[in-house]
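To start, the structure under review is shown below, and the notes come after it.
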Amino acid sequence: MTSALDAACAVLASPLVAALLATHPNDLAAAPVPPPVPFRTQWWLQWATSDQRWTQLLEYYLRKDKGKGKANDVDAPDAAELPAELRALVDQLCALALPRDPIAVTTPADAPPLRIDARGMSPKKAHEVTRSVAYINNLLRSLNLDPRAVRIVDIGAGQGYLTRALQTHLGTLHLLALDASPVQTAGAARREARTAAGSSGKITQKTIHVTPATLCAAVDEWVGATGTDNEPVPVLLVALHACGSLTPDILRAFFAQRERERRRGRAAALWNPIGVIAIGCCYNLLAPQDFPLSAHLRTASPPLSLPGSAYHLATQIPAHWRRSEAAWVGAALAVRKVVWRAVVGRRVAAVVGDWGWGGDGDGDDDDGGVPSATNTHTYTHVRTLGAGPAAGTGDGDDDDGGVPSATNTHTYTHVRTLGAGPAAGTGEGTGDRPVMRRLGRLNDAVYADWADFVRAAGARLTRGADHNGGAADHDLGIGGALSAEERRLINELGVLHVLRCLVGPLVESMIIGDRAQWIREQLGGQMSEDGDGLGDTGTVEAVNLFDQATGSGRNVALVVVPTKGSDEWF
């Protein structure tokens, strides 16, 4: 495990990848002098500026990813057309990134087929709930635990789809549904009221901002209020979309309760944490202390330092851009959005220089707009999911995995302090510029034709303000057909953007691997002050629970359970 982390670190820290992560298409388009590596090398200038290069690059990646680096992929028809530097990089990215094919999840032979009531769910959500229920059922039974007797805490429960499905299909008698949004909690309560008739057991709804301390306290209160028969009750912690630092905080709560048990004695404990199933997302919202987590990476020399863009790009799933005709159309549109917007930014910069507008854009995903480190304030972020793949670096929520889905449109509220996480940092490589924030979201239809796009962009940028901050409508002079130089630039920006997206899965693999290594370190004895730790009686596994082809881009669950055959956790 540590050797794989070291190899991934080496690739991400290489001069080529470091330059890719640090350079958004907006930056390259507006740069008076591009960075030397790779943007002024002969192989880049000769190859990347030609037509259709990003599609050739993607095709090579897709073949290598499918074959996971098998030698016969090297002989693909267009492999020789790629520069050796890019072939070597793609080979490394494919070889080191975690495989993402979903595991087989079956139902017991003596059980009826699992049919989830999917009313109100998108197909993606129904897929996730169905597989989660089946997996949890199988996992508990493999540990010789009766699903009806185990208490389950659904963290980030939202509208309660998983909570109710666990109650219905596992017969779980006690469930605690936690969410940070009172709107979501109220919605879940209304849905439960409509379906609760005839259900066994009880679902407790609670609105809470989850930290390790508040999570442990909420479970204490819940278990204490429902009785324990003087025995600590088994509790499983589940989070289908543990945004930002929520995954590390859930794990900290798990280890804190295990340690509390050890210090006070099991007889004094109200509850016994028997495991965690957590799927991380929204890596751009990580707190600075939450990557890297493991001692192995924290003590690495030289230390790994990723720019803010890396945490956004970690959500990309380029392996699925061509899974269907619709997906391919969406991917091509998303690339076009990024590069055309960058060219408009270049034209604006040529007219007014470093534009000083504060911007009032609507946070369009296409511009990769993220707050700068100087914007340190708390805000409420409301987002509708369902943006397309490769759509810039976006604001990074990934329940949709960057896959377009008209049905995957739910809204959530997230409160955070800007500038706090690793992805906030200096915003390096995110492409955040005032002109892009002001440009905001444009209708997809305008991207069908350059003339329509530049006309719409000009209207948006000049409406109601000038570059001196006054109120005016005026022509910035950014219209007109693409020059030959701009066409070459568009080709180059397409290659840059796709390359950055290809790096994304390795970044996510690094984050997941770091978390898994940290868990192993905790299980191995590094948690306790006296060095005794929790004992080597637990295991952690990265489980590909969902199918990315359904839109579940974040499909890897970190599963922490007792070692099979051990009864020390019960």
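Take the sequence shown: its letters are residues -30 to -1, 1 to 540, numbered as in mature numbering (1 follows the signal peptide of the UniProt record, and there is no 0).
Quick reminder that beta carbons are idealized off the backbone N, C-alpha and C, glycines included.
Just so we're clear, the structure is a prediction, and the values are computed from it rather than from any experiment.
Distance from G399 to P277 at the Cβ level is roughly 4 Å; contact confirmed, criterion being Cβ atoms closer than 8 Å. The beta carbon of V99 sits closer than 6 Å to those of I86, Y131, L132, A135, all from its chain and outside the five residues before and after it, given in chain order. For N413, no beta strand (DSSP E) segment is defined, and its DSSP state is neither H nor E. For R233, the three-state secondary structure derived from DSSP is helix.
Around the beta carbon of E231, 16 or more other beta carbons lie within 10 angstroms, which makes this residue buried.
Just so you know, the alpha carbons of A319 and T432 end up roughly 14 Å apart. Of all alpha-carbon atoms in K307, W310, L283, L267, the one lying nearest the alpha-carbon of L(-10) is that of L283. H179 counts as exposed, since fewer than 16 other C-beta atoms from the protein chains shown sit within 10 angstroms of its C-beta. The continuous stretches of beta strand (DSSP E) do not include E51, and DSSP gives it neither H nor E. Burial is judged here by how many other beta carbons sit within 10 angstroms of a residue's own beta carbon; P69 has fewer than 16 and is exposed. With respect to the 7 Å criterion, L185 and V468 are not classified as neighbours on the basis of their beta carbons. CA-to-CA, the gap between C251 and A79 works out to about 34 Å. DSSP lists V526 as the bridge partner or partners of N514. At the C-beta level, P4 and R10 come within 7 Å of one another. The beta carbon of I482 sits closer than 6 Å to those of A512, V526, all from its chain and outside the five residues before and after it, given in chain order. Only buried fits S522, as 16 or more other CB atoms lie within 10 angstroms of its CB.
Leaving aside the five residues that flank E478 on each side, the residues in its chain whose CB is nearer than 6 Å to its CB run, in chain order, A284. Note on S294: under 16 other CB atoms within 10 angstroms of its CB, so exposed under the neighbour-count rule. 7 Å or more divides the Cβ of N114 from the Cβ of R403. In the pairwise beta carbon analysis, the region 205 to 222 is classified as touching the region 239 to 250: at least three pairs are separated by under 8 Å. If only complete runs of 4 or more residues are kept, the region 189 to 269 shows the alpha helix (DSSP H) at 216 to 234, 265 to 268, in order along the chain. Contact fails between the region 58 to 74 and the region 214 to 225, because fewer than three Cβ pairs, one in each stretch, are under 8 Å apart. Considering only G300, R89, W298, E462, the residue with the shortest C-alpha distance to V313 is E462. Of the candidates L267, A257, R292, the residue whose Cα lies closest to the Cα of Y281 is A257.
For A(-12), the enclosing alpha helix (DSSP H) stretches over residues -16 to -9. Beta-bridge partners assigned by DSSP to D124: A147, V208. By the neighbour-count criterion, in which a residue is buried when 16 or more other Cβ atoms sit within 10 angstroms of its Cβ, R408 is buried. A straight-line Cα-Cα distance of about 11 Å links H(-7) and V465. DSSP places Q175 inside the beta strand (DSSP E), whose first and last residues are 172 to 177. With fewer than 16 other Cβ atoms inside 10 Å of its own Cβ, V321 counts as exposed. Cβ neighbours of T155 within its own chain (closer than 6 Å, five residues either side excluded): D149, Q175, T177. By the CB criterion at 7 Å, Q62 and V(-14) fall outside the cutoff.
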